[in-house]
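A.B. asks: Below you'll find the structure I mean.
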Amino acid sequence: MGYRKLSDQVRMLKNPQRSDVFVRLFRTAVREGRFDAAYLPERFELPKVYARRDNAGESYRKDARDMVFEVSPDFERWFAELDSELNSSKRRRRIKPSLEAYEQGLIDFRAAAEETRRKMMASQEKGQKLGRSRGKTRRATRSPGAEPAAQR
Numbered sequence: 001m002g003y004r005k006l007s008d009q010v011r012m013l014k015n016p017q018r019s020d021v022f023v024r025l026f027r028t029a030v031r032e033g034r035f036d037a038a039y040l041p042e043r044f045e046l047p048k049v050y051a052r053r054d055n056a057g058e059s060y061r062k063d064a065r066d067m068v069f070e071v072s073p074d075f076e077r078w079f080a081e082l083d084s085e086l087n088s089s090k091r092r093r094r095i096k097p098s099l100e101a102y103e104q105g106l107i108d109f110r111a112a113a114e115e116t117r118r119k120m121m122a123s124q125e126k127g128q129k130l131g132r133s134r135g136k137t138r139r140a141t142r143s144p145g146a147e148p149a150a151q152r
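For the sequence shown, full-length UniProt numbering assigns the number 1 to the initial residue and increments by one for each residue that follows.
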C-alpha cells in the first residue's frame with residue numbers, strides 16, 4: 001500500500017467543480033477515524049472555479065492545505081462511491097403540490113392530507129386559545145360590583 005497526496009486525489013475527481021465538497025468530506029472522514037491522514041506544509045489550489053457575485057464575469061479559486069494518506073482498498077471503495085455520488089447528485093427540487101403530481105405519485109397524498117389535517121387542527125386550537133384569552137381579559141376589566149346591563 002502506498003501513500004498519496006490529497007491534491008493528487010482531487011485531480012482524479014470526475015467533476016472538478018465538486019472538489020471543495022470532496023475535501024470537506026475527506027477531512028470529516030479523517031476526523032471520524034475512517035482512515036488516517038497527516039497534514040503537509042504545502043497548499044494546493046482547488047480546481048473549482050468560483051464566480052464573484054458583485055463583479056459580473058470575475059472568477060477566483062480557493063486553496064487548501066495538502067495532506068498525505070495511505071491508499072487502501074477501503075479508501076478506494078469510499079472514493080469510488082463518493083465520486084459517483086458527487087458526479088451524479090443533482091439538487092432535487094421541491095415538487096409543487098398539484099393534481100398532476102398527486103396523480104403521478106410524485107407526492108404521497110395520505111401524508112399530505114395528514115399534514116393538512118394537523119395544520120388545520122393547530123390553527124383551530126390557536127384561534128380557540130386566543131378567543132378564550134380575550135374573554136378572560138374582558139371579564140377581568142369589569143368592576144366586581146357592577147351588574148350586567150341585561151339583568152338590571
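In this text, a Cβ means the ideal position worked out from N, Cα and C, and glycines have one as well. Predicted model, so just to flag it, every value in this text is computed and none were measured.
Among the residues of its own chain, which have a CB less than 7 Å from the CB of R18, if the five just before and after it don't count?
C.D. replies: Mapped onto the sequence shown, residue 18 falls at position 18. Excluding positions up to five away in sequence, the list reads L86.
A.B. asks: With 16 as the cutoff for other CB atoms within 10 Å, does L6 come out buried or exposed?
C.D. replies: By one-based count along the sequence shown, residue 6 stands at place 6. Counting Cβ neighbours within 10 Å, L6 comes out buried, since at least 16 surround it.
A.B. asks: Helix, strand or coil: how does DSSP classify F26 here?
C.D. replies: On the sequence shown, position 26 is the one that residue 26 refers to. Here F26 sits in helix by DSSP.
A.B. asks: Does R94 come within less than 8 Å of chain B when only Cβ atoms are used?
C.D. replies: Given the protein chain composition of this structure (a single chain), no chain B is represented.
A.B. asks: If we count the other Cβ atoms within 10 Å of its Cβ and call it buried at 16 or more, is V10 buried or exposed?
C.D. replies: Taking the first residue of the sequence shown as position 1, residue 10 is located at position 10. Answer is buried; the Cβ neighbour count reaches 16.
A.B. asks: Which residues in the same chain as P16 place their Cβ atom closer than 7 Å to its Cβ, once the five residues preceding and following it in sequence are excluded?
C.D. replies: Numbered from its first residue, the sequence shown carries residue 16 at position 16. Here the set comprises P47 and K48.
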